[in-house]
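In the working numbering, the protein residues as written are 7 to 413.
Please read the structure below before turning to the comments.
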């Protein structure tokens, strides 16, 4: 029996915003015409952001490839796998309170008004946009309201240059939005700094290399600790999976202690533009709290982050799908939190899938995907699409899920 877990399926409003931005972040598909609805009056006032927010904020986070920086809200969960996503402590990922900031390249003719107008649909009411100044640049601000579910929010759109756009939105249940979240939105907005995105043209290779899908197992590994120098060592997480049952098995990596926060870092032979990571967990899945791909410049890209939790399927393949990554990586760091685990968390193997230069392998990769060696595992399925996403769009971001059998 397959066990599927959809991580942080964005609410309808977030999905609409992502779809409207997809065209400016590399999607060449035509945007369908959305049904217009009457524009509601703004539920609350729409002030310009204050330069000195009353809310204490964290240290500045800078996204050079998207042309903005900001200071995150205290205690909010931050994910920068696509733009910057902030989820309130203990919040329901489907309703918030949550915020998202996204920058990117815009199509010719894109305006702040067209960005906000694209959000109108039968599911979302958008108030009449008002002028706003954000970090010295003119933009528009509007309140947004879901037609069902008592969700309120606000969106700000700015054209940093004629070719570069920036959008920030926040959303929460109505009572929370009116009581506290609207003021937090203003504080977050007041910390935003906008700048022109770094040009990547100089880094483009002189010759074009044909990229091929490459599936590869880790060929080296290090860890924060290991239970033994041979059995349960970090080296046991390299190569194809060879643990066939849910068991405490020396052929998998285990940390020195069973109640600690630990990390495992694995390396792969060929750098790829990553599309998928598959972690084979053979004992006490999953308790993974963070996964980071490390690019060729040593910059970490978080592709997963969530609280520690257990799953009944064991062994399990924990998979994360990615799109719109724009970098090459050959290293992966996995962080686990065993503080609530009944015993050791053990990782048998790690697979990286992505587009890379097949000539670096020495031999051409097989046309068919590599199959896990261990009996009782299913090959990971393709992309999962979150409920509420509209057909015809390629949605950026990451979608983790679990594929496994109880043996």
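The beta carbon of each residue, even a glycine, is placed where N, CA and C say it ideally should be.
If you check the CB distance, residue 222 and residue 358 come in under 9 Å.
Secondary structure of residue 180 (DSSP, three-state): helix. Taking residue 169 as reference, the option from 253, 114, 259 and 225 with the minimal CA-CA separation is 114.
Contact between residue 176 and residue 159 holds: CB atoms are separated by about 5 Å, below the 8 Å threshold.
Judged by DSSP secondary structure, residue 195 falls within the alpha helix (DSSP H) whose first and last residues are 188-196. Here residue 147 is bridged, per DSSP, to 136 and 162. Contact between residue 200 and residue 143 holds: CB atoms are separated by about 6 Å, below the 8 Å threshold.
Contact between the region 282-300 and the region 250-270 is present, with at least three C-beta pairs closer than 8 Å. Inclusion of residue 63 and residue 193 in the CB contact set at 9 Å is warranted, their separation being smaller than that value.
Note: residue 289 is bridge-paired with 352 in the DSSP secondary-structure output.
In terms of Cβ geometry, residue 276 and residue 367 form a close pair [threshold 9 Å]. Here DSSP, grouped into helix, strand and coil, assigns residue 314 to coil. Beta-bridge pairing by DSSP links residue 238 to no other residue.
Cα atoms of residue 298 and residue 306: separation of roughly 6 Å, rounded to the nearest angstrom.
Per DSSP, residue 92 is one residue of the beta strand (DSSP E) stretching across 90-98. The residue among 316, 149 and 294 with its C-alpha nearest the C-alpha of residue 157 is 149.
In the structure shown, residue 69 adopts extended strand secondary structure according to DSSP, grouped into three states. Sequence-distant Cβ neighbours of residue 73 in its own chain, meaning closer than 7 Å and more than five residues away, are 109, 166, 170, 172, 200, 201, 202 and 203.
Relative to the Cα of residue 354, the nearest Cα in the group 135, 116, 252 and 121 belongs to 252.
Distance between residue 135 and residue 121, taken at the CA atoms: about 11 Å.
Rounded to the nearest whole angstrom, the C-alpha separation of residue 105 and residue 91 is 6 Å. Collapsing the DSSP output to three states places residue 335 in a strand. Shown here, residue 262 sits in coil according to DSSP, grouped into three states, outside any helix or strand. Non-local beta-carbon contacts of residue 97 in its own chain, meaning distances under 7 Å to residues more than five positions away in sequence, involve 103 and 104 in chain order. Residue 77 and residue 83 have their C-alpha atoms spaced approximately 13 Å apart. Between the alpha carbons of residue 183 and residue 141 lies a distance of about 24 Å. Residue nearest to residue 312 within the set 342, 123, 68 and 361 is 342 (criterion: CA-CA distance). Relative to residue 362, the option among 164, 274 and 317 whose CA is nearest is 274. Residue 344 places its beta carbon 9 Å or farther from that of residue 278. In the three-state DSSP reduction, residue 121 falls in the helix class (H, G or I). A distance below 9 Å separates the beta carbons of residue 260 and residue 238. Looking only at 317, 280, 295 and 320, the smallest Cα-Cα distance to residue 331 is reached by 280. In the DSSP assignment, residue 326 falls within the unbroken beta strand (DSSP E) covering 322-329. The Cβ atoms of residue 198 and residue 79 lie no closer than 9 Å to each other. With 16 or more other Cβ atoms inside 10 Å of its own Cβ, residue 146 counts as buried.
DSSP places residue 302 in the coil class of the three-state scheme, outside both helix and strand.
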